[in-house]
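Novice: One point on numbering: in my numbering, the residue at position 202 of the sequence shown is 213, and numbering is uninterrupted.
For every residue, glycine included, the Cβ atom is placed at its ideal position computed from N, Cα and C.
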Amino acid sequence: AADQIIEKAKPMAARMLEASADDLEFKNGNFGVVGTDKAIPLTKVAQAFYAPMFLPPEFGVGLEAAGTFAAEPPCYPNGCHTCEIEVDRDTGVVSVVRYTAVDDVGRVMNHMLAEGQVHGGVAQGLGQALMEQIVYDPSGQLLTGSFQDYAMPRADDLPSIEGDMVEIPSTTNPLGVKGCGEAGATGAPPAIMAALLDVLRPYGITEIDMPATPARVWAAMHKH
Numbered sequence: 012a013a014d015q016i017i018e019k020a021k022p023m024a025a026r027m028l029e030a031s032a033d034d035l036e037f038k039n040g041n042f043g044v045v046g047t048d049k050a051i052p053l054t055k056v057a058q059a060f061y062a063p064m065f066l067p068p069e070f071g072v073g074l075e076a077a078g079t080f081a082a083e084p085p086c087y088p089n090g091c092h093t094c095e096i097e098v099d100r101d102t103g104v105v106s107v108v109r110y111t112a113v114d115d116v117g118r119v120m121n122h123m124l125a126e127g128q129v130h131g132g133v134a135q136g137l138g139q140a141l142m143e144q145i146v147y148d149p150s151g152q153l154l155t156g157s158f159q160d161y162a163m164p165r166a167d168d169l170p171s172i173e174g175d176m177v178e179i180p181s182t183t184n185p186l187g188v189k190g191c192g193e194a195g196a197t198g199a200p201p202a203i204m205a206a207l208l209d210v211l212r213p214y215g216i217t218e219i220d221m222p223a224t225p226a227r228v229w230a231a232m233h234k235h
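Shown next as structure tokens:
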């Protein structure tokens with residue numbers, strides 16, 4: 012569609028530059044006469060198409076084009092995340108004591124960066140599952156608007172993360188990559204919450220909202 016716009020606009024640009032369309036080139040958003048410093052932005056040429064009173068008969072009103080494309084099949088990373096947790100019956104505090112992540116992100120270009128991406132995502136997912144909560148009072152005032160009130164995981168909240176990368180190259184791109192940008196953040200919340208529900212099942216609890224804060228977990232355990 013962009014190429015069609017350029018071709019349709021070229022005769023108008025030639026008229027405005029008082030040059031032959033064959034002598035024009037389009038570069039960096041401008042039509043220019045080859046070998047000279049004469050140029051005009053595409054935006055000004057487009058404006059001319061919407062001034063009917065000044066348009067010669069051979070130009071139609073409006074500068075429009077349409078195009079379609081067939082997208083390549085998408086590729087997605089795959090993975091399996093599991094964890095072991097402990098819950099303090101007296102306080103409701105949930106501690107993740109062991110975490111394992113095995114991810115297929117396609118061909119890994121840099122193992123250290125890929126593993127770091129997963130580890131960082133796991134930390135983010137742990138925060139989403141257990142800590143991070145936006146709270147408002149009845150008047151709409153945000154109560155968790157600073158790091159004093161909005162809980163986020165620290166290094167001592169995280170276990171040592173074990174794992175591996177299974178490299179099965181993607182067939183939809185030349186590099187064979189699938190990406191790992193959301194691997195940790197996507198895998199951690201369900202892994203942690205599934206482990207927590209395993210712990211809470213003897214209490215008759217089959218669901219609990221995130222974040223599973225100590226107060227929320229304690230209340231659920233003492234409800235029955």
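Closest to M23 by CA distance: which of K38, N121, P68 is it?
Specialist: P68
Novice: Per DSSP, what are the beta-bridge partners of H130 in this structure?
Specialist: For H130, which the question treats as bridged, DSSP gives no partner whatsoever.
Novice: Answer yes or no: do A125 and M176 have a C-beta to C-beta separation smaller than 9 Å?
Specialist: yes
Novice: From what residue to what residue does the beta strand (DSSP E) around P52 run?
Specialist: Run containing P52: 50-52, per the beta strand (DSSP E) assignment.
Novice: Can you list, in chain order, the stretches of the beta strand (DSSP E) that have 3 or more residues and sit fully within the segment 170-203?
Specialist: Qualifying beta strand (DSSP E) stretches, in chain order: 172-176.
Novice: Is V107 closer than 9 Å to C94 when the C-beta atoms are compared?
Specialist: yes
Novice: Roughly how many whole angstroms lie between the Cα atoms of D101 and W229?
Specialist: Cα to Cα, D101 sits roughly 7 Å from W229.
Novice: Just to check my reading of the structure: K189 and C86 have Cβ atoms closer than 8 Å, yes? What is that Cβ distance to the nearest angstrom?
Specialist: Between C86 and K189 the Cβ distance is about 5 Å, and since that is below 8 Å, they are a contact.
Novice: Just the Cα atoms here: how many angstroms apart are E29 and A59?
Specialist: 14 Å
Novice: When you compare each of F42, G71, G127, D14 to G78 by their alpha carbons, which one comes out closest?
Specialist: D14
Novice: What span of residues does the beta strand (DSSP E) with L35 cover, start to end?
Specialist: 35-38
Novice: In the structure shown, what three-state DSSP assignment does F70 receive?
Specialist: Note: F70 maps to coil in three-state DSSP.
Novice: For H233, which residues of its own chain have a beta-carbon under 6 Å away from its beta-carbon, when the five flanking residues on both sides are left out?
Specialist: none
Novice: Using a 10 Å radius around the Cβ and a threshold of 16 neighbouring Cβ atoms, would you call I179 buried or exposed?
Specialist: Per the 10 Å Cβ criterion, exposed.
Novice: Any idea which residues DSSP pairs Y110 with across the strands?
Specialist: C94, I172
Novice: Give the secondary structure of V105 by DSSP, where H, G and I count as helix, E and B as strand, and everything else as coil.
Specialist: strand
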